[in-house]
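Visitor: Pasting in a structure now, in C-alpha cells, and then I'll have a few things to ask.
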Amino acid sequence: MSVHRAWRTVVSRGIAQPQAVPARAEKVTATVGLRRPTQPGTTMLTRLIYASEITLPLTASTVQDIVDKARAANQRRHLTGMLAFDSRSFLQVLEGRRAAVSEVFCRIVSDPRHEHVQLLELAAVDERLFAGWSMGFATADAHGRDTFLRFSGVDQFAPSTMTAGGALSLLRELAAR
Ligand SMILES: Cc1cc2nc3c(=O)[nH]c(=O)nc-3n(C[C@H](O)[C@H](O)[C@H](O)COP(=O)(O)O)c2cc1C
313 MSVHRAWRTV VSRGIAQPQA VPARAEKVTA TVGLRRPTQP GTTMLTRLIY ASEITLPLTA
373 STVQDIVDKA RAANQRRHLT GMLAFDSRSF LQVLEGRRAA VSEVFCRIVS DPRHEHVQLL
433 ELAAVDERLF AGWSMGFATA DAHGRDTFLR FSGVDQFAPS TMTAGGALSL LRELAAR
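In our numbering, the protein residues as written are 313 to 489.
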C-alpha cells in the first residue's frame with residue numbers, strides 16, 4: 313500500500329483528523345521561512361584600498377576625531393587597516409569580513425568630508441597585513457620624496473595615481489615607522 317493510500321485509510325477510519333496534515337505542513341514552512349538565506353563569501357577575508365581628496369580643509373582635531381571613531385568602530389567589527397593623510401589626500405586600506413568591509417566602505421564613500429573616492433583594490437586575501445591596527449594612522453607629508461618616488465611615479469603623496477601594490481607597500485612602510 314502506498315503511503316498516500318495508507319494515510320487516506322487512517323483518515324477515513326477516523327484515527328487522525330484530516331486537518332492534521334496542513335497544520336503540520338504550515339508549521340514546517342513557517343519555521344523554514346525564518347531562516348536567513350545562505351550568503352556565501354560574506355565572511356571571506358577581504359582587503360579594500362581607496363584614495364580620496366578632502367572637500368574642505370580639515371583641522372588636526374577633525375582628522376584625529378575621524379581616526380579615534382574609526383578605531384572604536386573597526387574594533388567592534390574586527391576590521392583592521394591603515395589611513396595615511398597629507399592635508400589634501402587620504403589613502404586607506406581596510407581588511408576584514410567582506411560584509412563588514414563593504415558596509416563600512418559604503419559609509420566612508422558617503423562621508424561629506426572627502427570626495428573623488430577611487431577604489432584601488434578590492435580582493436579576497438589569505439592574511440591580514442595590518443593585523444595589529446584597528447586603524448593605523450600616518451601623516452604622509454612628514455615623509456621624504458624618496459619614499460613616494462619608490463612607490464609611485466611622482467615625488468609627492470598622490471594616492472589616486474598609484475597602483476594597488478604601490479599603495480599597499482607605501483602604507484606598510486608608513487605603518488612600520
Ligand atoms: C577618510 C575617512 C576614513 C574613515 N575611515 C573609517 C573607518 O575605517 N571606519 C569607520 O567606521 N568609519 C570611518 N570613517 C567615518 C565614516 O565615514 C562615518 O562617518 C562613520 O562610519 C559614521 O557613519 P554614520 O554617520 O553613518 O553612522 C572615515 C571617514 C573618513 C573621511
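Yeah, the Cβ is synthetic: ideal placement off N, Cα and C, and Gly gets one too.
Give the DSSP-derived three-state secondary structure of F469 in the structure shown.
Guide: Along the sequence shown, one-based indexing puts residue 469 at 157. Residue state, collapsed to three classes: coil.
Visitor: Would you identify the three-state DSSP class for V437, choosing helix, strand or coil?
Guide: What you label residue 437 is simply residue 125 of the sequence shown in a count that begins at 1. Coil.
Visitor: Which residues in the same chain as V405 place their Cβ atom closer than 6 Å to its Cβ, once the five residues preceding and following it in sequence are excluded?
Guide: Taking the sequence shown and counting its residues from 1, one reaches residue 405 at position 93. The residues are I361, G393, M394, L483.
Visitor: What whole-angstrom Cβ distance do E407 and F442 have, given they're in contact under 8 Å?
Guide: Position 95 of the sequence shown holds residue 407. Position 130 of the sequence shown holds residue 442. Their Cβ separation, rounded to whole angstroms, is 6 Å, which keeps E407 and F442 in contact under 8 Å.
Visitor: With a threshold of 8 Å, are at least 3 pairs of Cβ atoms found where one atom belongs to the stretch 471-479 and the other to the stretch 431-441?
Guide: At 8 Å Cβ cutoff, the stretches touch.
Visitor: Are P471 and S399 closer than 9 Å when you measure CB to CB?
Guide: Looking up residue 471 in the sequence shown gives position 159. Looking up residue 399 in the sequence shown gives position 87. Not closer than 9 Å, so no.
Visitor: Figure out for me which residue from R440, V466, G456 has the closest Cα to the Cα of L391.
Guide: Stepping through the sequence shown from its first residue, residue 391 is reached at position 79. Residue R440 is the option with its Cα nearest to L391.
Visitor: Anyone know if the C-beta pair for R388 and A450 falls short of 9 Å?
Guide: Your numbering for residue 388 matches position 76 in the sequence shown. Your numbering for residue 450 matches position 138 in the sequence shown. Contact flag unset, no.
Visitor: Can you look up R359 in the DSSP assignment and give me helix, strand or coil?
Guide: If you number the sequence shown from 1, residue 359 lands on position 47. Residue state, collapsed to three classes: strand.
Visitor: Could you work out which residue in D453, A363, L357 is closest to H426 when comparing CA atoms only?
Guide: As a first step, residue 426 is located in the sequence shown; it is residue number 114 there, counting from the start. H426 has its Cα closest to that of A363, out of D453, A363, L357.
Visitor: Just reading off the beta strand (DSSP E) that A396 is part of, what are its end residues?
Guide: Position 84 of the sequence shown, counted from the start, is the residue given in the question as residue 396. Residues 392-397.
Visitor: Using three-state DSSP, classify A443 as helix, strand or coil.
Guide: Taking the sequence shown and counting its residues from 1, one reaches residue 443 at position 131. Coil at A443, not helix or strand.
Visitor: With a Cβ-Cβ cutoff of 9 Å, do V413 and T358 count as a contact?
Guide: Translated into positions along the sequence shown, residue 413 becomes position 101. Translated into positions along the sequence shown, residue 358 becomes position 46. Contact flag set, yes.
Visitor: So, are the CB atoms of A396 and A452 less than 9 Å apart?
Guide: The residue given as residue 396 occupies position 84 in the sequence shown. The residue given as residue 452 occupies position 140 in the sequence shown. Yes, they are a contact pair.
Visitor: Please confirm whether any heavy atom of ligand 1 lies closer than 8 Å to the CB of I361.
Guide: On the sequence shown, position 49 is the one that residue 361 refers to. No, the Cβ of I361 stays beyond 8 Å of every heavy atom of ligand 1.
Visitor: Applying the criterion that 16 or more other CB atoms from any shown protein chain within 10 Å of the CB defines a buried residue, is S422 buried or exposed?
Guide: On the sequence shown, position 110 is the one that residue 422 refers to. So S422 ends up on the exposed side.
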